[in-house]
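All remarks here apply to the structure that follows.
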Amino acid sequence: MVTYEKPKHPVIETTVPLDVFERFVNECARLRLDQPIANSCPFHARLIIAKLFELAKREICLVSEALTACTESGVELYAYRPIIENMNRFLRDPNAVLSIIIQSGHIEGKESNEFLREVINATTRNGTVLVHLPEPGVLSDRVHHFIVVDEAMIRSESSDAPRDRDEPIGALANFGNLKDASDLKALYTELLKYLDKNAPRVRKFKYPRGAEFTLR
Numbered sequence: 004m005v006t007y008e009k010p011k012h013p014v015i016e017t018t019v020p021l022d023v024f025e026r027f028v029n030e031c032a033r034l035r036l037d038q039p040i041a042n043s044c045p046f047h048a049r050l051i052i053a054k055l056f057e058l059a060k061r062e063i064c065l066v067s068e069a070l071t072a073c074t075e076s077g078v079e080l081y082a083y084r085p086i087i088e089n090m091n092r093f094l095r096d097p098n099a100v101l102s103i104i105i106q107s108g109h110i111e112g113k114e115s116n117e118f119l120r121e122v123i124n125a126t127t128r129n130g131t132v133l134v135h136l137p138e139p140g141v142l143s144d145r146v147h148h149f150i151v152v153d154e155a156m157i158r159s160e161s162s163d164a165p166r167d168r169d170e171p172i173g174a175l176a177n178f179g180n181l182k183d184a185s186d187l188k189a190l191y192t193e194l195l196k197y198l199d200k201n202a203p204r205v206r207k208f209k210y211p212r213g214a215e216f217t218l219r
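Numbering (my numbering), first residue to last: 4 to 219.
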């Protein structure tokens with residue numbers, strides 16, 4: 004078994020080789036360590052997101068700009084197969100809930116969005132998917148993007164988080180910080196309340212078992 008010495012710095016830096024980074028993420032996830040992990044590039048992001056979806060049991064709350072399939076340089080994000088496959092596995096449970104807020108108001112590809120199409124239309128899906136789609140501008144650009152899983156695990160973007168030189172923003176993940184997870188869940192609830200107050204400018208879509216993906 005690979006063992007790791009806890010670093011002196013509270014955040015695992017992102018300059019390590021990707022295979023080392025992945026092994027560390029897997030170990031933190033396995034042990035549910037309260038260890039901030041910097042993930043500052045698309046390769047880090049998709050590894051973290053895939054692992055969060057793999058571990059999810061009950062609920063995933065997600066704030067995304069647009070559920071982007073790939074970066075401009077061609078790196079797969081929400082089109083990354085392990086992300087889709089792990090989400091499909093999570094949603095096999097009839098009690099599982101995936102709730103999504105689209106911060107920008109635009110879903111990339113709209114009804115051709117690969118992530119939503121494959122996840123919602125999966126014949127194995129028994130859980131529920133909720134999509135909250137405000138008009139552009141309803142949510143400020145200052146609303147950051149984050150994922151909170153089962154009120155225990157998180158990935159949260161921040162301009163203050165460590166990031167690669169060419170990346171505009173970084174993120175921190177943690178598989179064992181109950182306080183931060185609880186705070187993010189509370190923030191997600193507040194965002195839902197805000198969207199409810201702006202109901203005429205927000206479309207809500209609920210996809211129970213058997214429903215197919217549509218934005219109409």
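For every residue, glycine included, the Cβ atom is placed at its ideal position computed from N, Cα and C. Source: prediction; values computed, not measured.
Check, Outcome
"Helix, strand or coil at L181 according to DSSP, with G and I counted as helix", "helix"
"The stretch 169-189 contacting the stretch 79-89, beta-carbon criterion three pairs below 8 angstroms", "no"
"C-beta contact flag for A214 and V152 at 7 angstroms", "no"
"Pick from R120, F93, H135 and S115 that is closest to I105, judged by C-alpha positions", "H135"
"For F24, the three-state DSSP class (helix, strand or coil)", "helix"
"Supposed close pair V28, L50 - CB separation, criterion 8 angstroms", "6 angstroms"
"Whether S67 touches H147 by CB criterion (7 angstroms)", "no"
"Exposure label - K188; buried when at least 16 CB within 10 Å", "buried"
"Buried versus exposed, by CB contacts within 10 Å (16 or more), S107", "buried"
"Nonlocal neighbours in the same chain, by C-beta distance under 7 angstroms from A32, ignoring five residues either side", "K54, L58 and F178"
"At least three beta-carbon pairs within less than 8 angstroms, the stretch 118-126 to the stretch 191-207", "no"
"Contact set for F118: own chain, Cβ-Cβ below 8 angstroms, skip 5 residues either direction", "L70, A72, Y81, A82, I86, I87 and M90"
"Neighbourhood of T74 by C-beta distance below 6 angstroms, restricted to the same chain and skipping five residues each side", "P45"
"6 angstroms CB neighbourhood of S102 in its chain, flanking five on each side removed", "C64 and L133"
"Straight-line gap, N156 to K182 (C-alpha atoms, nearest Å)", "One point to set straight first is that residue 156 is Met, not Asn, in the sequence displayed. Taking the straight line joining both Cα atoms gives about 10 angstroms."
"S143 classed as buried or exposed, judged by whether at least 16 other C-beta atoms fall within 10 angstroms", "exposed"
"Beta-carbon spacing of P139, V205 below 7 angstroms", "no"
"Residue interval of the beta strand (DSSP E) (run including L133)", "T131 to P137"
"Continuous alpha helix (DSSP H) stretch holding K54: start and end", "P45 to L58"
"Three-state class that DSSP yields for V146 in the structure shown", "coil"
"Spatial neighbours of T131 in its chain, beta-carbon cut-off 6 angstroms, leaving aside the 5 residues before and after", "V100 and P211"
"Outcome for P39 when other beta-carbon atoms lying within 10 angstroms are tallied against a minimum of 16", "buried"
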